[in-house]
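Here's the structure we're looking at; comments come further down.
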Amino acid sequence: MSLRTHASTDSPVGPLTLVATDGVLSGLYMTEHRHQPPVETFGERRDPADSPFAEVAEQLRAYFAGGLTDFDLPLAMAGTPFQQRVWEALREIPYGTVTTYGQLAGELGSPGSSRAVGLANGRNPISIVVPCHRVIGASGSLTGYGGGLGRKRYLLDLERGLPSHM
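Take any residue in the sequence shown, count from 1 to its spot, add 75: that is its number in the numbering used here.
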């Protein structure tokens, strides 16, 4: 049986809930996050200064301050093999850039699977660290985001060095 714990940390996009499974980050959820598992599954509440959350919180602070462009954290992401492939591809999207669902599907060798890529993207359990916010619609429009479009816009503006407001 896996040991799950969680902590909350503040951020410019509101409180973030960090979840760890056996001491490894397995979830990062925003307030009213779509597809968030039931809070009862997050395990015992811990102080964000405790391990493993201290390093996660520190890297998040550096990211929001504009000093971190690539997270270096061990992750425990539970999902299907296809979801795992999509989430790994998300981690390859460079800071400050965007791609489309169709482009991501093509990079995965499945050019006709943009809808499936979108569904997997929406189920990403570790927002921000696994940058699903960097995926946009084919027309360049901001499309769905588990944390809400306002947060998606904030994160993209932050990464582009533009003024960000929530």
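We treat Cβ as the ideally placed atom computed from N, Cα and C, and that holds for glycine.
When C-beta atoms of the region 209-218 are compared with those of the region 161-169, three or more pairs fall below 8 angstroms, so the two segments count as touching. Within 10 angstroms of the beta-carbon of S101 lie 16 or more other beta-carbons, which makes it buried. Residue pairing by DSSP puts I201 in a beta bridge opposite L103.
In terms of Cα proximity to Q158, the closest of D125, V192, R228 and P90 is V192.
Taking a 10 Å sphere around the C-beta of G215, we find fewer than 16 other C-beta atoms and assign the residue as exposed.
Only exposed fits R120, as fewer than 16 other CB atoms lie within 10 angstroms of its CB. Each of G142, Y104 and F146 was checked against the Cα of V131, and the nearest Cα belongs to F146.
Taking the Cβ atoms as the reference, G197 lies roughly 6 angstroms from G221, within the contact range of under 8 angstroms. Annotation for G219: G197 place their beta carbon closer than 7 angstroms to its own, counting only its chain and skipping 5 residues before and after. Taking the C-beta atoms as reference points, T96 is found no nearer than 8 angstroms to S83.
Short of 7 angstroms from the beta carbon of H110, and not among the five residues preceding or following it, lie these beta carbons of its own chain, in chain order: G197, R198 and G221.
Straight through space, the alpha carbons of R226 and R79 are spaced by roughly 27 angstroms.
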